[in-house]
Amino acid sequence: MKNNRLIFLAALLFCYTTSLGQQATEHDMMWYVNNAPFKMGNISEPKFADKTFNIKDYGAVGDGQALNTDAIAKAIDACSVAGGGTVLIPPGLWLTGPIVLKSNINLHAATGALVIFSADHSLFTVSGGRGKPQLYGEKLENVAITGGGIFDGAGDTWRPLKKSKAAPTLWNDLVKWGGVLTKDGDMWYPTKEGLADDHLRPIMVVINSSKNVLVDGPTFKNSPNFAFNPKSITNLIIRNVKIENEYYAQNGDAIDLSTCKNAIVYHCTVHAGDDGICMKSSGAKDKNAAALENIIIAENIVYHAHGGFVIGSNTDGGMNNIWVTNNNFVNTDIGIRVKSNEGRGGLVHNVYIDHIYMRDILNEAILFSSYYEDKGPGAVKAAVLATDKTPNFQDFHISNVYCNSAKIAISIIGLPEMPISKIDFTDVTISATKAFSSTEATDITLKNVNIISPDKTVYTLNNSSNINISNAGFDSRATTFISAEGPKTTGVTVSGTNVSKVANAVKLGAGAPKNAVSIK
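Under the working numbering, read the sequence shown as residues 104 to 623, first letter to last.
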């Protein structure tokens, strides 16, 4: 019987996740582009003139004391006037204010270069209600940031810290050092200005409304806000990038793609204080087209974050054609996180997630939620009509996902006016404290899904319809296979699964029709 194999499956999980990623076959970047489950647009590296402009030749001094803002700007200007090329930041300790990129320029921070953005906050003037990004470019074409150098955002001089996130020693040291506390004493700010207006904190790297962008090799660490936020870029390659933010970094997202098209995030390593690798989409000009489209996320490792791979919460611009494959998530709050809420939602569809290896996930291994920052799934929600701002998650294909240790295996939370729909899970094995639950979901298929859990109920379904479960694996300690509640829980079928030794194959709760579940 399949249940008797679960001890063996649990042992296999350890093998799957101890040497993370060994099961997946490594491929070069273009293999993913050519083998995506949808037709990708153009992905190609920008080309640059064979000319180099060393920032030292423009007065830069790499002693960690001299401010090099003007020298770096002069080197970039000279390169631009000459028709483009490479601006070289050689090994050294380079203190600077904002760096503004230009078209046809490769900003190359050599291995051994440490670029430190100044702790003088006045250098980052407010623009658009937010601090000016530390490394920025807008309306560019053919631009790159390359090399093995490090960019340090001096984020510890900007970021607030929640007491609940800090170890007692760290919290006490910060309070003794200075800064200011909120009235309730639960949040520390390094400056009074930061407490008065937290929007002053700049995003570290922003490239906006651009084409043909390459970011290959650098490390971005200690960001004041998000680390790297590409916006409205077509033909984007993010490769071999490292993001290093502390786990307690407030709003310390690592890589947030906003309304990008034809983009790949490949072979990157992430430590984040908030979302790890995140998709955002707002304000599509064409209501018939998704603002974020044709995205590949491959061969990355996320070591800590609120979510390993994240969609949302801003999805109102729509998303289409996303492939997440051969990634490892370790010690993240949630593994795969799809989130939005009423007023910020839109259509997100044709998402393919496969060959994901996870370990020590603090909460859900896989979460779909249309209640992000809302009243929560237990709240009584008045009946409303769906709008174009209602979260609409559908056509997700999730396969070959393995997780060793999570609090909850799979949780799906939709809205009464817009259930989460057309999600298929194939060949998924998860060990977790709690098993599977769905609320306001429809057309969910689970094939060869194995849940290793002491939870007494394997599948908890609330107002969930057309749920097809086949060849399920579950723990022998379970006393109920399916608990069905709500009048909309109908069309649930179970096949290829021996539930004869479970005390309650089906338990019908409040409002569930008598024929809600069929076991074949």
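Heads up, the beta-carbon is just placed ideally off N, CA and C, and yes, glycines get one too.
These figures come from a predicted structure and were not determined experimentally.
Around the Cβ of Lys591, a 10 Å sphere holds 16 or more other Cβ atoms; the residue is buried. Considered as a whole, the region 164–230 harbours 172–184 as its complete alpha helix (DSSP H) runs of no fewer than 4 residues, in chain order.
Contact check for Thr199 against Ser221 passes: the beta carbons are separated by less than 8 Å.
In this chain, the beta strand (DSSP E) harbouring Thr548 covers 523–555. In this structure, the CA atom of Val405 is about 43 Å from the CA atom of Pro616. Around the beta-carbon of Met143, 16 or more other beta-carbon atoms lie within 10 Å, marking it buried. Segment contact: the region 227–243 against the region 294–308, three or more CB-CB distances shorter than 8 Å; contact assigned. In this structure, Val441 places its C-beta atom within 8 Å of the C-beta atom of Leu470. The alpha-carbon separation between Tyr455 and Tyr135 amounts to approximately 13 Å. The continuous beta strand (DSSP E) containing Gly240 extends over residues 238–241.
Contact between Ser567 and Thr596 fails: their C-beta atoms lie close to 12 Å from each other, not under 8 Å. An exposed status is given to Asn157, since fewer than 16 other beta-carbon atoms sit within 10 Å of its beta-carbon.
Checking the DSSP bridge columns, you'll see Pro333 partnered with Ile310. Contact check for Val451 and Thr493: beta-carbon distance about 12 Å, past the 8 Å limit, so the pair fails to qualify. If only uninterrupted alpha helix (DSSP H) runs of at least 4 residues are considered, none is enclosed by the region 415–442. Assigned with DSSP and collapsed to three states, Glu296 falls in helix.
When Cβ pairs closer than 8 Å are counted between the two stretches, the region 542–551 is seen to touch the region 562–576, the count reaching three or more.
Residue pairing by DSSP places Asn157 opposite Leu191 in a beta bridge. Arg580 sits exposed, since fewer than 16 C-beta atoms from the chains shown fall within 10 Å of its C-beta.
Per DSSP, reduced to three states, the secondary structure at Met143 is coil, with no helix or strand assignment.
Taking the CA atoms as reference points, Trp274 sits about 46 Å from Ile146. The beta-carbon distance between Asn430 and Ile400, rounded to whole angstroms, is 6 Å. This is short enough to meet the 8 Å contact definition. Taken through DSSP and simplified to helix, strand or coil, Lys150 comes out as coil. Rounded to whole angstroms, the Cβ separation of Cys506 and Ile523 is 20 Å, and the two are not in contact under 8 Å. Boundaries for Asn137: no beta strand (DSSP E) harbours it, while the alpha helix (DSSP H) harbouring it runs 132–137, taken from the DSSP string.
Judged by their CB atoms, Ile459 and Val504 are nearer to each other than the 8 Å cut-off. Secondary structure of Ser603 (DSSP, three-state): coil.
Annotated as proximal: Asn466 and Ile437, with beta-carbon spacing under 8 Å. Under the three-state reduction of DSSP, Leu277 is assigned to helix.
Asn397 places its beta carbon 8 Å or farther from that of Phe227. For Lys383, the enclosing beta strand (DSSP E) stretches over residues 378–383. One Cα belongs to Met521, the other to Thr172, and the distance between them is close to 51 Å. Looking at the DSSP output, Ala509 bridges to Ile464, Ala535.
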